[in-house]
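The numbering of the sequence shown is the working numbering, which starts it at 878 and goes up by one.
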Amino acid sequence: MTDQVLGFVGVGRMGGPMAGRLLDAGYSLCIHDISGEATAPLVARGAKLAKSPAEVASSAEIVLVSLPTPDIMKAVVLGADGVIAGTRVRTVIDLSTSGPGAAKVVAAALARQNITLVDSPVSGGIKGAVAGTLAVMVSCPKATYPTVESLLKVFGKLFYTGELPGLAQTAKLANNLMAAAALVITSEAVAMGVKAGLDARVLIDIINASSGRNSASVDKFPRAVLPGTFDFGFATGLSYKDVRLCVDEAEAMGVPMVCGASVRQMLAITNARFGATSDFTSIAKVLEEWAGVEMRG
């Protein structure tokens, strides 16, 4: 248990459960979100509600942020009434998937105010955020790591990637590209099988007992595609954003992304067809429409 006060900006679908785990661990929280619906459950549990990110950063030396896009993250942290304008903050922990480019920009701006950025995206979805089983990637100065290690362990398993800002973001983008790619290729394979006359569930069972097994066949298809619910819990727009960031960053480094570009295109199509707020397992719905089948089993 601890009486340390932490700041938390962005307590939505991912940030909310993570903030809740900090309360469970005995931390006091000062929070801000543009959604009253998001903050209400935490306020009911004792969190203090702030009117702005700057007010949060005037209440706590460590401020965590969990935000949907790089532009929003930069505005919240560096804006006129942002975290950087707080009077107490000394460390900012970015739990968002904002990309290495944004991490470098924000780290440099914060450093000029003697504030340290801890680049710390997470993977594992809402389920992992609730259970405290997230993969937590961390890049920050070695001297800073011990000051944030215990609180980050509340979220899951830590992976220290190095001192340079953006390294953890690079690891997260690589993971999210592969997760989306697995969903695309599994959707194509199962659509082919169903078109030929195979039962979708039997085919998934075969894949999961064989060399084609992957995160989509093991988890996403059984949970969200075969039942026809398409409610895995990760938005198409966010997956599209992550894959775009990954491909753009890779191409800027001179790393070809032939498969990555195809995955980005499939997400662009899914985003256009079903909308940014649809679940990213809707990729399978695109294949269903194109193939004229339903992958239910």
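Where a beta carbon is used, it is the ideal one built from N, C-alpha and C, also for glycine.
As assigned by DSSP and simplified to three states, the class of glycine 1070: Residue 1070 sits at position 193 when you count from the first residue of the sequence shown. Note: glycine 1070 maps to helix in three-state DSSP.
Coil, strand or helix - tyrosine 904 by DSSP: As a working mapping, residue 904 is identified with position 27 in the sequence shown. Correct three-state label for tyrosine 904: coil.
N- and C-terminal bounds of the alpha helix (DSSP H) containing threonine 1106: Here the question's residue 1106 lines up with position 229 in the sequence shown. Neither: threonine 1106 is in no alpha helix (DSSP H) and is coded neither H nor E.
Leucine 987 vs isoleucine 939 beta-carbon contact at 8 Å: Taking the sequence shown and counting its residues from 1, the one referred to as residue 987 is at position 110. Taking the sequence shown and counting its residues from 1, the one referred to as residue 939 is at position 62. No; because the gap between Cβ atoms is not below 8 Å, this pair is not in contact.
Secondary structure of valine 982, DSSP reduced to three states: Residue mapping note: residue 982 aligns to position 105 of the sequence shown, counting from 1. Three-state DSSP puts valine 982 in a helix.
Inter-residue spacing [alpha-carbon to alpha-carbon] between methionine 950 and glycine 1070: Reading the sequence shown from its first residue, position 73 is the one you call residue 950. Reading the sequence shown from its first residue, position 193 is the one you call residue 1070. Those two C-alpha atoms are separated by around 42 Å.
Range of the contiguous alpha helix (DSSP H) that encloses isoleucine 1083: What you label residue 1083 is simply residue 206 of the sequence shown in a count that begins at 1. Where isoleucine 1083 is concerned, the enclosing alpha helix (DSSP H) stretches over 1077-1085.
Distance CB(valine 933)-CB(valine 954) smaller than 8 Å: To locate residue 933, count along the sequence shown from 1; it is residue 56. To locate residue 954, count along the sequence shown from 1; it is residue 77. Not closer than 8 Å, so no.
Among Val1102, Arg1150, Gly1137 and Gly1169, nearest to threonine 1158 - alpha-carbon criterion: Your numbering for residue 1158 matches position 281 in the sequence shown. Closest by alpha carbon: Val1102.
Burial state of alanine 1068, where buried means 16 or more other Cβ atoms lie within 10 Å: Walking along the sequence shown from the start, residue 1068 turns up at place 191. The residue in question, alanine 1068, is buried, as its Cβ has 16 or more Cβ neighbours within 10 Å.
Cβ separation of serine 1016 and threonine 993, assumed to be a contact under 8 Å, to the nearest whole Å: Position 139 of the sequence shown, counted from the first residue, corresponds to residue 1016. Position 116 of the sequence shown, counted from the first residue, corresponds to residue 993. Rounded, the Cβ-Cβ distance is 11 Å, inconsistent with contact.
Contact belief for alanine 924 with isoleucine 908 at Cβ below 8 Å, rounded distance in angstroms: Locating residue 924 in the sequence shown gives position 47, counting from the first residue. Locating residue 908 in the sequence shown gives position 31, counting from the first residue. Confirmed, about 5 Å.
Buried or exposed by the 16-neighbour rule on C-beta atoms within 10 Å, applied to glutamine 990: As a working note, residue 990 is residue 113 in the sequence shown. Flag for glutamine 990 reads exposed.
Beta-carbon spacing of proline 894, valine 1007 below 8 Å: Start at 1 with the first residue of the sequence shown, and residue 894 comes out as number 17. Start at 1 with the first residue of the sequence shown, and residue 1007 comes out as number 130. For proline 894 and valine 1007, yes; Cβs fall inside 8 Å.
Own chain, CB closer than 7 Å to glycine 1002, minus 5 neighbours either side, in chain order: Locating residue 1002 in the sequence shown gives position 125, where the first residue counts as 1. Hits under 7 Å: Gly1110 and Phe1111.
Proline 1042 CB to nearest heavy atom of the ligand HEM below 7 Å: Judged by which ligands are present, the structure shown has none, so any question about the ligand HEM falls away.
Residues sharing a beta bridge with tyrosine 1037, DSSP: As a working note, residue 1037 is residue 160 in the sequence shown. Its beta-bridge partners are Val1015.
Start and end residues, alpha helix (DSSP H) containing glycine 1002: Translated into positions along the sequence shown, residue 1002 becomes position 125. Glycine 1002 -> alpha helix (DSSP H) spans 1002-1008.
C-beta contact flag for serine 943 and serine 973 at 8 Å: Start at 1 with the first residue of the sequence shown, and residue 943 comes out as number 66. Start at 1 with the first residue of the sequence shown, and residue 973 comes out as number 96. It is a contact, given that the beta carbons lie within the stated cut-off.
Other residues of its chain near threonine 1047: CB distance less than 6 Å, five sequence neighbours each side excluded: Numbered from its first residue, the sequence shown carries residue 1047 at position 170. The residues are Pro977.
Three-state secondary structure (DSSP) of valine 1140: Residue mapping note: residue 1140 aligns to position 263 of the sequence shown, counting from 1. In the structure shown, valine 1140 sits in a helix (DSSP, three-state: H, G or I).
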